[in-house]
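Below: one structure, written as structure tokens.
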């Protein structure tokens, strides 16, 4: 069996591994983007509530309502802090996924290069054999 045919399954496994790593990278990116959008919504929501609090306070507001607004804004701030930590963790995971995919890609490309060298070598050997066979036939015809 030719070296290229024996080596092809190894290169296929590396390509599959690279595809899986790329898929995981895409999922990590989607997850990060979704959580970043949630974070932005919380920030926008907090800004809106602060604006409302400021408007209501300037028009006069009872102490209980003012405290409820402040408590709600404080809870939003806590939610934003939690979401920022989630986003930061997802950024680190995305970077890990990028590094993993890049390593798998490099491995796959290296194996593809080896496979290509095997194929070229086998092709050259076959061409040489065909040329020798052709030359042998021509020599036999000349001597007969």
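In UniProt numbering, the protein residues as written are 1 to 144. For each residue, glycine too, the CB sits at the ideal point set by N, CA and C.
{"query": "Segment contact flag, the region 14-33 with the region 114-132, C-beta cutoff 8 Å, min 3 pairs", "result": "no"}
{"query": "Contact check, residue 76 vs residue 46, beta carbons under 9 Å", "result": "yes"}
{"query": "Distance between residue 48 and residue 56 (C-alpha atoms, nearest Å)", "result": "12 Å"}
{"query": "Among 98, 104, 137 and 37, the one whose alpha carbon lies nearest that of residue 83", "result": "37"}
{"query": "Cβ distance (whole Å) where residue 42 is taken to contact residue 80 below 8 Å", "result": "5 Å"}
{"query": "Option in 59, 62 and 53 with minimal Cα separation from residue 69", "result": "53"}
{"query": "Where the alpha helix (DSSP H) through residue 26 begins and ends", "result": "3-59"}
{"query": "CA nearest to the CA of residue 28, picked from 130, 86, 142 and 117", "result": "86"}
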